[in-house]
Amino acid sequence: MDIMESGGSWSSGYLLSKLEEAIAWARKYSIFQYPFVTACCGMEYMATACSHYDIDRFGAGLPRFSPRQADVLFVVGTISHKLAPVLKKVYDQMCEPKWVVAFGVCTCTGGFYDNYATVQGIDTIIPVDIYIPGCPPRPETVLDGLMKLQEKIQKQKQLV
Amino acid sequence: MSDESLTLQLLKEQFPDKIIETHSYRGDDTAVVKKEAILEVLKFLKEDARLKYNFLMDLAGVDYLTYKKDPRFEVVYHLYSLEYNRRVRIKAPVDEDDPVIDSATPLWEAANWYEREVWDMFGIKFRGHPNLKRLLMYEEFVGHPLRKDYPITKRQPLIGPKI
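Order-wise, the sequence lines are chains H and L. Heads up: the first sequence runs through residues 5 to 164, numbered per the working numbering. Heads up: the second sequence runs through residues 243 to 405, numbered per the working numbering.
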């Protein structure tokens, strides 16, 4: 590897940028998702995760059911105001680096639930990296969103 | 009317000054009852051997604001008799200034959550209810969202921006 051959010089800008790229590459293919599933979008999430669409091809095959072990929060389904503090708490419990995917139109904007009970887009509560629209989105859309997230992770400045 | 159903006949006979009106549409009986008498009417329907309406199928609130109806609210009870395979609908008008009615929880345990929902959505109080707090909305929520004068775009989130 480049790092080993460099003779241990860590001050070089070239080397650090290469190290960042390597870390980004590793991170984008080892996504541990936390599925925060509340509604019908969950069925499409399950379809995506199972063998036919096989989300494991993208290195995101293993969902963790503790936010402390996850780095991508999948918010799947309608979020009500009553539930909003729970979602915020789950997000706060995740360690950096972390990303958030808004899965389905309800999480993006509130969808057609323009009423007293529903959060009008989860980005009013927590920062969102990728929006996957659809009611619910087809697995292809989900995988497209996942690949866009991977591109984003690759381009980001990494916390080393 | 001679072809009036047994249920409505017995109700009128038993509570001549408590029944406001009755009607029957295609075999569905409805009786509108003064709210002071609601508990004794329900008890009679449940326990009389000729009626035995032992199953509270549904309990709901209605806001007749846009109908300009007085009183504004109504609490509606749907009862079913498992013994005789019969149904009846009981309505009790509730005034806006004094939105209180007796709780049906002494008769049916099932009324507990129904009445909490009606309180939550319409702000009708149930006297004698063991635990009358919001069922669907959260405690900090202000107002009753299914009232027709609740603004449709009003938002009161627990966290996040106040829109």
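No residue lacks a Cβ here, since even glycine has one placed at the ideal position from N, Cα and C. Computed from a prediction, not measured in an experiment: that's the story for all the values here.
To the nearest angstrom, report how far apart L/T347 and H/F107 are at their CA atoms. Pairing L/T347 with H/F107, the inter-Cα distance amounts to about 42 Å.
When you compare the CB of L/L349 with every CB in chain H, is at least one pair closer than 8 Å? So no, L/L349 is outside the interface.
Interface residues of chain H facing L/R366 [CB-CB closer than 8 Å]: What sits at residue 366 of chain L in the sequence shown is Ile, not Arg. Within chain H, no residue comes near L/I366; the closest Cβ sits about 18 Å away, beyond 8 Å.
For L/Y380, which residues in chain H fall below 8 Å Cβ to Cβ? Neighbours of L/Y380 on chain H, chain order: H85 and K86.
Straight-line gap, L/R369 to H/E100 (C-alpha atoms, nearest Å): Cα to Cα, the separation comes out at about 52 Å.
In terms of residues, what are the limits of the beta strand (DSSP E) holding L/G303? Here the beta strand (DSSP E) through L/G303 covers F297 to D305.
Hey, L/K294 and L/Y326: beta-carbon distance below 8 Å or not? One thing to note: L/K294 has its Cβ within 8 Å of the Cβ of L/Y326.
Return no unless some Cβ of chain L is closer than 8 Å to the Cβ of H/T128. Taking 8 Å as the CB threshold, H/T128 lines the interface with chain L.
My guess is that L/P335 and L/K277 are in contact by the Cβ rule of under 8 Å, so how many angstroms apart are they, rounded? About 7 Å separates the two Cβ atoms, so the contact holds.
Would you mind sorting L/T395 into buried or exposed? The rule is 16 or more other CB atoms within 10 Å of its CB. By the beta-carbon neighbour count (other beta carbons within 10 angstroms, threshold 16), L/T395 is exposed.
Pick helix, strand or coil for L/I280, following the three-state DSSP scheme. Helix at L/I280.
Does the beta carbon of H/V123 sit closer than 8 Å to a beta carbon anywhere in chain L? With 8 Å as the cut-off, H/V123 counts as an interface residue toward chain L.
Alpha carbon to alpha carbon, how far is H/V79 from H/V41? Give it in angstroms, no decimals. Each residue's Cα considered, the two are about 6 Å apart.
Taking 8 Å as the CB-CB limit, is H/P89 close to chain L? Yes, contact with chain L.
May I ask you to list, following chain order, the residues of the stretch 91–125 of chain H that have a beta carbon less than 8 Å from some beta carbon of chain L? Along the stretch 91–125 of chain H, going in chain order, the ones with a CB nearer than 8 Å to a CB of chain L are K92, D118, N119, Y120, A121, V123 and Q124.
If distances are taken between C-alpha atoms only, which option among L/K254, L/A302 and L/F286 comes closest to L/G365? The shortest C-alpha separation from L/G365 is found at L/A302.
Buried or exposed, going by whether 16 or more other CB atoms sit within 10 Å of the CB of H/S70? With fewer than 16 other Cβ atoms within 10 Å, it is exposed.
Check each candidate in H/T113, H/L150 and H/Q158 and name the one with the smallest Cα separation from H/R61. Looking at the Cα atoms, H/L150 is the closest of the given residues.
If I'm right that H/F116 touches H/V76 with Cβ under 8 Å, what's the distance once you round it to whole angstroms? Their Cβ separation, rounded to whole angstroms, is 26 Å, which puts H/F116 and H/V76 out of contact at 8 Å.
Quick one: is L/K390 near chain H, going by C-beta distance under 8 Å? No Cβ of chain H is located within less than 8 Å of the beta carbon of L/K390.
Strictly under 8 Å for the Cβ-Cβ distance: is L/L301 near chain H by that measure? Not an interface residue.
Just checking: is the beta-carbon of L/K375 within a distance shorter than 8 Å of some beta-carbon in chain H? False, the Cβ-Cβ gap to chain H never drops below 8 Å.
Terminal residues of the beta strand (DSSP E) in which L/Y322 lies: Unbroken beta strand (DSSP E) run through L/Y322: F315 to S323.
Any contact of the stretch 132–149 of chain H with the stretch 43–63 of chain H, i.e. 3+ C-beta pairs under 8 Å? Output reads yes: the stretch 43–63 of chain H touches the stretch 132–149 of chain H.
Excluding the five sequence neighbours on either side, which residues of its own chain have a C-beta within less than 7 Å of the C-beta of H/A74, listed in chain order? Cβ within range, chain order: F36, Q37, Y38, R68 and M98.
Give every residue of the same chain whose Cβ lies closer than 7 Å to the Cβ of L/L324, excluding the five residues on either side of it in the sequence, and list them in chain order. Cβ neighbours of L/L324 beyond the five flanking positions: N296 and F297.
Compare the Cα-Cα distances from L/V360 to each of L/R329, L/L349 and L/L374 and report the closest residue. Distances from the CA of L/V360 to each of L/R329, L/L349 and L/L374 were compared; the closest alpha carbon is that of L/L374.
Going by DSSP in three states, L/D344 sits in which element: helix, strand or coil? In the three-state scheme derived from DSSP, where H, G and I count as helix and E and B as strand, L/D344 is classed as strand.
Any C-beta of chain H sitting closer than 8 Å to the C-beta of L/M243? Reliability of the predicted coordinates at L/M243 is poor, the pLDDT of 46 falling under 50, and the value obtained from them is presented with this limitation in mind. Chain H contact via Cβ: absent.
Quick one: list the residues of chain H neighbouring L/L400, beta-carbon separation under 8 Å, in chain order. Listed along chain H, the residues sitting closer than 8 Å to L/L400 by beta-carbon distance are H85, K86, A88 and P89.
Strictly below 7 Å CB to CB, what residues from chain H border L/N403? The sequence shown places Pro at residue 403 of chain L, rather than the Asn named in the question. Taking a Cβ-Cβ threshold of 7 Å, the residues of chain H close to L/P403 are T128, in chain order.
In this structure, how does DSSP classify L/L253 when only helix, strand and coil are distinguished? It is helical.
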